Amino acid sequence: MKWNRILDISFSRTPSIYINMKLTLKVWRQKNSKAKGELESYQVEASEHMSFLEMMDVLNEQLIVEKKSPIAFDHDCREGICGSCSMTINGSPHGPQTGTTTCQLHMRKFKDGDTIVVEPWRSGVFPVVRDLTVDRSAFDRIIQSGGYISVNTGQAPDGNAIPIEKDLASNAFDAAACIGCGACVAACPNGSAMLFTAAKVSHLNQLPQGEVEKTRRTASMVAQMDKEGFGMCSNVGACEAECPKEISIEHIARMNRDYVASIFGGRKS
Ligand code: SF4
Ligand code: FES
Numbered sequence: 001m002k003w004n005r006i007l008d009i010s011f012s013r014t015p016s017i018y019i020n021m022k023l024t025l026k027v028w029r030q031k032n033s034k035a036k037g038e039l040e041s042y043q044v045e046a047s048e049h050m051s052f053l054e055m056m057d058v059l060n061e062q063l064i065v066e067k068k069s070p071i072a073f074d075h076d077c078r079e080g081i082c083g084s085c086s087m088t089i090n091g092s093p094h095g096p097q098t099g100t101t102t103c104q105l106h107m108r109k110f111k112d113g114d115t116i117v118v119e120p121w122r123s124g125v126f127p128v129v130r131d132l133t134v135d136r137s138a139f140d141r142i143i144q145s146g147g148y149i150s151v152n153t154g155q156a157p158d159g160n161a162i163p164i165e166k167d168l169a170s171n172a173f174d175a176a177a178c179i180g181c182g183a184c185v186a187a188c189p190n191g192s193a194m195l196f197t198a199a200k201v202s203h204l205n206q207l208p209q210g211e212v213e214k215t216r217r218t219a220s221m222v223a224q225m226d227k228e229g230f231g232m233c234s235n236v237g238a239c240e241a242e243c244p245k246e247i248s249i250e251h252i253a254r255m256n257r258d259y260v261a262s263i264f265g266g267r268k269s
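Residues 1 to 269, numbered by my numbering, are exactly what the sequence shown covers, in order.
So this is what it looks like as structure tokens:
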């Protein structure tokens, strides 16, 4: 370690911590969806032990002290669960570490002296609200169109009361790992939301509780996805590569099969 000192900002989430990195951040600043945005440069000191969002917190505290507007970015759980922390870091949604959300990315993935470019998701369907925050309500509308089970499942049953074949349970569980972050859309050159929609469809369609509405659900969610203006899938595979939950594009193939079945006389539901 060439140099370090203790960073202690009393109102920070970040506890006292040795800093050992000086970084240049180029961050996308945009007042609202209509304004013209641009990259602004900042110098920030950080520790390799900080998460990326903690480093952003330090930068924001610095901006507040300087009476400048802090950078708007979405975050909530900071545990890789909620899918809020949407940022493109050096051109990659969620940054350079595969299978990792921005909130779980650590500064040790970067080097002292690095320049890091931070941008919002780039998709016409996710307009910038401010800075790094985008409007992902298109995903909510896809879920509203069929991403639920409407049969009465009664009280919460014992987990083992409904026998489910191991492969089906595992596949459904893998699909259920989708956190709705939108990195798949941001990564896709076509701006396709097929991986997200397929994960949500596949999760429910494979389970006995969701299978009864499979036809209607698939047709409705695909129709809503198209209505929102997302692009088509051309099997580039960037979505799978950038997905922080490593959702497989096999779910897209499964959704396509269910969709074809829904058109050519799949079971009515
Ligand atoms: S499929 Fe992956 S990248 Fe897409 S929304 Fe779900 S978790 Fe995020
Ligand atoms: S803040 Fe919840 S997944 Fe990153």
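All C-beta atoms in this analysis are idealised placements derived from N, C-alpha and C, irrespective of residue type, glycine included. Just so it is clear, the structure is predicted and the values come from calculations on it, not from any experiment.
* With 16 other CB atoms within 10 Å as the buried threshold, where does I252 fall? -> So I252 ends up on the buried side.
* Leaving out five residues on either side along the sequence, give the residues of the same chain with a beta carbon under 6 Å from the beta carbon of K200. => Contacts found: G147.
* Asked: Using DSSP with H/G/I as helix, E/B as strand and the rest coil, what is K204?
  -> Correcting the residue identity first, residue 204 is Leu in this sequence and not Lys. Three-state DSSP puts L204 in a helix.
* According to DSSP, what are the bridge partners of W39? -> It should be noted that the sequence gives Leu, not Trp, for residue 39. W28.
* To do: For the alpha helix (DSSP H) containing V58, list its first residue and its last residue.
  => V58 -> alpha helix (DSSP H) spans F52 to V65.
* To do: May I ask you to verify whether the stretch 127 to 143 touches the stretch 89 to 102, counting CB pairs closer than 8 Å and requiring at least 3?
  => Too few Cβ pairs lie closer than 8 Å, so no.
* **Range of the contiguous alpha helix (DSSP H) that encloses R257** => Element bounds for R257: E250 to I263.
* **Contacts around K268, its chain only, beta-carbon distance under 6 Å, and the 5 residues preceding and following it disregarded** => Only weak support is given to the placement of K268: the predicted model assigns it a pLDDT of 45, under 50, and the value that follows is read from those uncertain coordinates. Excluding sequence neighbours, K268 sits near nothing in its chain.
* Asked: Hey, out of C233, C85, A161 and C184, whose CA is closest to L105's CA?
  -> Minimum Cα distance to L105 is reached at C85.
* Asked: Would the beta-carbon of A138 fall within 8 Å of that of P189?
  -> Against a cut-off of 8 Å, the Cβ pair of P189 and A138 comes out as no contact.
* What do you reckon, is the C-beta of I247 under 7 Å from a heavy atom of ligand 2? -> Short note on I247: C-beta not closer than 7 Å to any heavy atom of ligand 2.
* Asked: Relative to the alpha-carbon of E119, which residue among M21, F73 and E228 has its alpha-carbon at the smallest distance?
  -> Selected option, being the one with the closest Cα: F73.
* Asked: Taking C-beta to C-beta, are C103 and I179 nearer than 8 Å?
  -> No, the Cβ-Cβ distance between C103 and I179 is not below 8 Å.
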